[in-house]
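Chemist: For what it's worth, my numbering labels the leading residue of the sequence shown as 1, then goes sequentially. Cβ atoms here follow ideal geometry from the backbone N, Cα and C, with glycine treated the same way.
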Amino acid sequence: MMPSGRQFLLLLAGCVVLGVGVSLLLLADLGSDGYSTLVNGISLRSGLSFAVVNLLVGAALVLLAAARGVRPGPGTVVQVVLVGITVSVCLDLLSTPDELALRALLLVAAFPVLAVGIAMYLGSHTGAGPAEGAALAWDPPVPFRWSYSAVQGGGAVIGWLLGATIGVGTLAVIFLLGPAVELVSRRLHLDVHQGGPAAPD
Numbered sequence: 001m002m003p004s005g006r007q008f009l010l011l012l013a014g015c016v017v018l019g020v021g022v023s024l025l026l027l028a029d030l031g032s033d034g035y036s037t038l039v040n041g042i043s044l045r046s047g048l049s050f051a052v053v054n055l056l057v058g059a060a061l062v063l064l065a066a067a068r069g070v071r072p073g074p075g076t077v078v079q080v081v082l083v084g085i086t087v088s089v090c091l092d093l094l095s096t097p098d099e100l101a102l103r104a105l106l107l108v109a110a111f112p113v114l115a116v117g118i119a120m121y122l123g124s125h126t127g128a129g130p131a132e133g134a135a136l137a138w139d140p141p142v143p144f145r146w147s148y149s150a151v152q153g154g155g156a157v158i159g160w161l162l163g164a165t166i167g168v169g170t171l172a173v174i175f176l177l178g179p180a181v182e183l184v185s186r187r188l189h190l191d192v193h194q195g196g197p198a199a200p201d
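(1) To the nearest angstrom, report how far apart Gly-84 and Ser-32 are at their CA atoms.
(2) Is DSSP giving Glu-182 helix, strand or coil here?
(3) Return the CA-CA distance between Arg-71 and Asp-191, expressed in angstroms with no decimal places.
(4) Span of the alpha helix (DSSP H) holding Gly-133?
(5) Any idea if Asp-139 is buried or exposed, counting beta-carbon neighbours within 10 angstroms, 16 or more meaning buried?
(6) Are the Cβ atoms of Leu-18 and Leu-114 separated by less than 8 Å?
(7) Distance, Cα to Cα, Val-184 vs Ala-119?
(8) What whole-angstrom Cβ distance do Leu-30 and Gly-159 have, given they're in contact under 8 Å?
(9) Would you grab the beta carbon distance between Gln-194 and Ile-174 for me? Rounded to a whole angstrom, and I think it's under 8 Å.
(10) In this structure, how does DSSP classify Asp-191 when only helix, strand and coil are distinguished?
(11) Who are the Cβ neighbours of Gly-14 in its own chain at under 6 Å, not counting the five residues just before and after it?
(12) Specify the secondary structure class of Ser-43 as computed by DSSP and reduced to three states.
Structural data, given as structure tokens:
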């Protein structure tokens with residue numbers, strides 16, 4: 001089904017906000033999310049480009065989610081494309097500060113922005129991106145706040161074992177972002193589920 005106008009606007013706004021949050025995380029330069037760490041580790045070990053590995057890993061997670069009942073939709077594609085464009089624009093306009101205190105502030109600022117962006121785009125019910133879809137595929141029985149932590153944590157560990165680096169930002173994403181998304185989604189009255197067993201009738 002085609003998304004309604006409200007769903008489409010919520011999807012677009014959420015993806016732009018999410019892209020800004022990802023940009024803040026990258027500009028802080030204190031460790032990326034677990035999914036990106038996984039992609040980077042596979043890229044380093046295989047010799048394939050980050051973009052190619054990102055596509056392959058993303059497709060694998062989307063298929064895993066679909067097998068568990070979380071089917072992809074237009075939002076799955078829009079999320080990948082629009083977040084990527086937003087991040088590219090932000091990184092072209094801004095640069096990582098030299099002062100550690102400013103980088104720490106960017107990291108702190110990234111989390112509410114990331115949480116709002118994820119809650120908004122998932123709340124559009126148009127399909128989940130790879131990492132969020134893989135987490136939602138296990139909710140139930142595992143609540144999203146913890147299944148998302150497991151996906152990010154598993155990606156970080158595998159990526160690190162393959163040669164990628166992790167930092168305090170990586171650990172923050174693993175332990176804090178899932179609960180933050182759940183909190184924001186409740187505050188905004190948005191359901192992040194995508195038509196799987198936990199979605200409302």
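Modeler: From the atom records:
(1) Here residue 84 refers to the residue found at position 84 when the sequence shown is read from its first residue. Here residue 32 refers to the residue found at position 32 when the sequence shown is read from its first residue. Roughly 15 Å separates the two Cα atoms.
(2) Stepping through the sequence shown from its first residue, residue 182 is reached at position 182. Looking at Glu-182 - three-state DSSP - the assignment turns out to be helix.
(3) Indexing the sequence shown from 1 puts residue 71 at position 71. Indexing the sequence shown from 1 puts residue 191 at position 191. Using only the alpha carbons, I get a separation of about 16 Å.
(4) In the sequence shown, residue 133 corresponds to position 133, counting from 1. That run of the alpha helix (DSSP H) goes 130 to 136.
(5) Walking along the sequence shown from the start, residue 139 turns up at place 139. Flag for Asp-139 reads buried.
(6) Reading the sequence shown from its first residue, position 18 is the one you call residue 18. Reading the sequence shown from its first residue, position 114 is the one you call residue 114. Taking 8 Å as the Cβ cut-off, Leu-18 and Leu-114 qualify as a contacting pair.
(7) The residue labelled residue 184 in the question sits at position 184 within the sequence shown. The residue labelled residue 119 in the question sits at position 119 within the sequence shown. Computed Cα separation, rounded: 7 Å.
(8) Residue numbering aside, residue 30 sits at position 30 when the sequence shown is read from its first letter. Residue numbering aside, residue 159 sits at position 159 when the sequence shown is read from its first letter. With a Cβ gap of about 16 Å, Leu-30 and Gly-159 do not count as contacting.
(9) In the sequence shown, the residue the question calls residue 194 occupies position 194. In the sequence shown, the residue the question calls residue 174 occupies position 174. Their Cβ separation, rounded to whole angstroms, is 22 Å, which puts Gln-194 and Ile-174 out of contact at 8 Å.
(10) Residue mapping note: residue 191 aligns to position 191 of the sequence shown, counting from 1. Of the three classes helix, strand and coil, the one that applies to Asp-191 here is coil, per DSSP.
(11) For this step, residue 14 is matched to residue 14 along the sequence shown. Answer for Gly-14: Gly-117, Met-120, Tyr-121, listed in chain order.
(12) Numbered from its first residue, the sequence shown carries residue 43 at position 43. Residue state, collapsed to three classes: helix.
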